[in-house]
Structures are given as C-alpha cells and as structure tokens.
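A quick write-up on the structure given underneath.
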Amino acid sequence: MTSKERFLTALKKGKPDMVPVAPDTSNMIPCRFTGKPYWDIYLYNDPPLHTAYLKVLKKFKFDGGWEASPDLGPSKEDKREIKKEIIEKSDDKIVTRETYKTPGGELFQEVVYWKDMPPTIKTKLIKDVQKDFRLFMKYFFPDPASRDDSEYQQWKKDLGQDGVASMGLGVSGFPTLIDYFDGSLEAMTYALYDYPELFEEYVEIYEDWAVKMTKKAIEVKPDLILTGGSGTITLQSPDIFRKLGLPCLQKITKLAKDAGIPTLVHACGKAKDLVKICAEETDLDGINPLEIPPMGDCNLKELKEKFGTRLCLMGNLHTTEVMLKGTPEKVVQEAKKAIDDAAAGGAFILSTGDQTPRDTPEENLYALIETARKYGKY
69 MTSKERFLTA LKKGKPDMVP VAPDTSNMIP CRFTGKPYWD IYLYNDPPLH TAYLKVLKKF
129 KFDGGWEASP DLGPSKEDKR EIKKEIIEKS DDKIVTRETY KTPGGELFQE VVYWKDMPPT
189 IKTKLIKDVQ KDFRLFMKYF FPDPASRDDS EYQQWKKDLG QDGVASMGLG VSGFPTLIDY
249 FDGSLEAMTY ALYDYPELFE EYVEIYEDWA VKMTKKAIEV KPDLILTGGS GTITLQSPDI
309 FRKLGLPCLQ KITKLAKDAG IPTLVHACGK AKDLVKICAE ETDLDGINPL EIPPMGDCNL
369 KELKEKFGTR LCLMGNLHTT EVMLKGTPEK VVQEAKKAID DAAAGGAFIL STGDQTPRDT
429 PEENLYALIE TARKYGKY
C-alpha cells in the first residue's frame, strides 16, 4: 500500500497492510528543518509552511499530510482590506500590527513572530465584546464559493501518494475563538454569560459559513476534512461544546459522509467524553490525538474496546516525556504499547499526543516510524 492508501484505509475503519504512522509535525519540526528563522516561514511565507512540511515528510517517510495543507486562497470578489506593518524588530522577534478594515470600523491585533518558535498574538482583535465581536462576525466569514484552490491543488499534486491531502475546517466554539478574544479563555467565558445573544448570533453565522465551506471542500475533493479544534473540551466544558460546537460538527460530518469524504477531528487535551459524543452523535470517522494524563484523559485500550469499531483512533505517544526527552528505546516501547492497545482489527493510526516538540531528536522520530513499519504489520 502507499502511504495515502494506508492512512485512508485505517481512517475508514479498515485494516491496511500495516499500522499507519503519522506524528503531528505540522509546525515546529518543518520550521526547524528549514534552518531559517521561524519568522521567515510565518511572516514572509519563505518557504510556505506546507512546502517545508513536504520536505520533512519526504525525509522521514511517514504516512502524513493530514495536518499541513495550505488554506484556499481568497476569491477575486473578496475586497476585504488588511494592512500589516512592522512596529518592533529585535534579534529574537518581529512584532507586527495587523489592521482589518470592516464596513463598521477597524479591528487590529499585534502578533509576535519569533526567531525560534511559532508566533504568538500579543493583542487580539476582540477587545470591546459588544462592538468588536459584531465587527468580527461581519468580516471573517465571507462566502467561500469562489475561493481559489490552485495552490491547494498544486500541493496535493506534490504530495502525491506520500500522504493524505486534508482540508482544515474548524468547529464553532471557544477553540476557534481563542485567538481572537483579548483576555482569551477568561474573557470568552464572561462574554458567553454576559452576552448570550452575541454567541447565538455567532453560532448561526459560523454554522452557515461552515456548511458553505464544507460544500466548497467537497468541490475541491480533498482526501479528508480535518475538523474539530484544539482543546475542544479543555477550553470549554462538554455542555458548552454541545451548545456552541456539536451542531456544527454534525453538519460538517454528515455533508462529508454523504459526499464520500472521511472526516478526522483534532482535539488535543481532554477528549474521553468527546470520543463518546462523536461516536454516538456524529458521522465522524476518526479522532486524534487522544492524549494521556496529565495533558489529556484518554486510555487507548479502553477507547478501543468501547469505540474501536465506530471510530478510527489516532495517537498517542507523550510528546515531551517520550518524544522529546525519551530515548529511542523508550519510543519503541511506547509505540509497541499503543499498537498492542489499539491496532487489533485496524482502524488505528500511530501518532503523537499533539505537536511533536521542536527539539525532538531525529532518532526518536525514526524509532516511532520504524516500529510501525515492522511491529505494526498486520
């Protein structure tokens, strides 16, 4: 089987020739192997992150692609204005001020582009909830029907059979909003209870946009749709997720299923309750990264026993204690345990418990991949 065939077979709850192996290397590892300051990739798009990722994929030869596709480009009709200016520069960072002009006024954020790690948002767009949240909703959800897919299709062609070409589409809720609310989680939580009508409006707008975006994705024909959001029930409770995000996820997965496109949720942090919800109440195909305590609350063996015929499980080696700090022998040990716990019958993809750290030794990545190739044969 090719890497693409292997990954898709497992995601569709089948049994491939061997356990697919797909460590989460969407950001830090590709940047590291360019040998360039990280601001070159994130600020100057030199090279684009998805291009840097392909080089890592071809170097290590795992079954990837699921987490690093380019976004669709803007449509010709998109007349939104964005002004970006550098306001600070030093040996270790570049700070930009990014201004978004909307019909009702301006929104701005300040972003710190670091030399040796991904960017952070210093000042976020939504400061005055009543004013800025409405401006945000009017600006960030244009009709995607005529967005340009040329860069995406070229990337998919370059990827070939070396992995799966996903398309990212997040679900409404706190994980999608956290990069926009100044004050982050605390500010969003107060806003939810102080201004429930704004969140009702947001959910309605987002769901409408997500349905249109899913239909656009179906036209573009990715191998899978990557949905969910980091910290789906870590940044918000299961009850809040049910209110803000579950109906959106149900619509995305139903449309994709009807079109024959599998779906995969990424939800780092706690996810045990989310696995149950997704298995019983959505048309989802797979979920990752199923982190173990204390970062998460998942036990692969238990989840396999309860939901292994309904969902493809993907995970879950500890990113710091095993991948970053562990020896190759430790990586092999934990990879074998994950395979023993969840690979029986198929519907399992060996991966990491979220983002592989920047300084992870190469030999640890190779150890993970080689274990899947040899010990993970069916």
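Using this note's numbering, the first residue of the sequence shown is number 69, and each one after it goes up by one. Note that beta-carbon positions come from the ideal geometry of N, C-alpha and C, so glycine has one too. It should be emphasised that the depicted structure is a prediction, and the values quoted were computed from it without experimental measurement.
Segment limits, beta strand (DSSP E) that includes residue 356: 354–356
Going by C-alpha to C-alpha distance, which of 282, 168 and 152 sits closest to residue 162? 152
Where are the beta strand (DSSP E) runs, 3 residues long or more, that stay fully inside the region 336–421, in chain order? 354–356, 380–385 and 416–420
Provide the residue(s) that pair with residue 234 in DSSP beta bridges, ordered along the chain. 292
Under the DSSP definition of a beta bridge, which residues are partnered with residue 333? 295 and 355
My guess is that residue 180 and residue 186 are in contact by the Cβ rule of under 8 Å, so how many angstroms apart are they, rounded? No, residue 180 and residue 186 are not in contact; Cβ-Cβ is about 10 Å, not under 8 Å.
Assuming residue 75 is part of the alpha helix (DSSP H), what are its boundary residues? 71–79
What does the alpha-carbon distance come out to for the pair residue 96 and residue 118? 12 Å
Please report the distance separating the alpha-carbon of residue 444 from that of residue 376. 17 Å
For residue 267, which residues in the same chain have their Cβ closer than 8 Å to its Cβ, ignoring the five residues on either side in sequence? 259, 260 and 312
Reduced DSSP category for residue 83 - H, G, I as helix; E, B as strand; rest coil: coil
Count the other CB atoms, across all protein chains shown, that sit within 10 Å of the CB of residue 413; report buried if there are 16 or more and exposed otherwise. exposed
Do the region 242–255 and the region 296–307 touch if we need at least three Cβ pairs shorter than 8 Å? yes
Would residue 421 be called buried (16 or more neighbouring beta carbons within 10 Å of its own) or exposed? buried
Return the CA-CA distance between residue 434 and residue 195, expressed in angstroms with no decimal places. 45 Å
Quick one: residues in its chain with C-beta nearer than 6 Å to the C-beta of residue 174, no 5 flanking neighbours on either side, listed in chain order? 167
Taking residue 378 as the reference, which of 360, 353, 362 and 387 has the closest Cα? 353
At a cut-off of 7 Å, is residue 311 close to the ligand PLP when judged by its beta-carbon and the heavy atoms of the ligand? As presented, the structure is devoid of all ligands, the ligand PLP included, so that no description of it is given.
What did DSSP end up calling residue 182 once you bin it into helix, strand or coil? strand
Any contact of the region 215–229 with the region 267–276, i.e. 3+ C-beta pairs under 8 Å? no
Those runs of the alpha helix (DSSP H) which lie wholly inside the region 251–277 and span at least 4 residues: 252–262
Which listed residue (85, 184 and 190) has its alpha carbon closest to that of residue 177: 190
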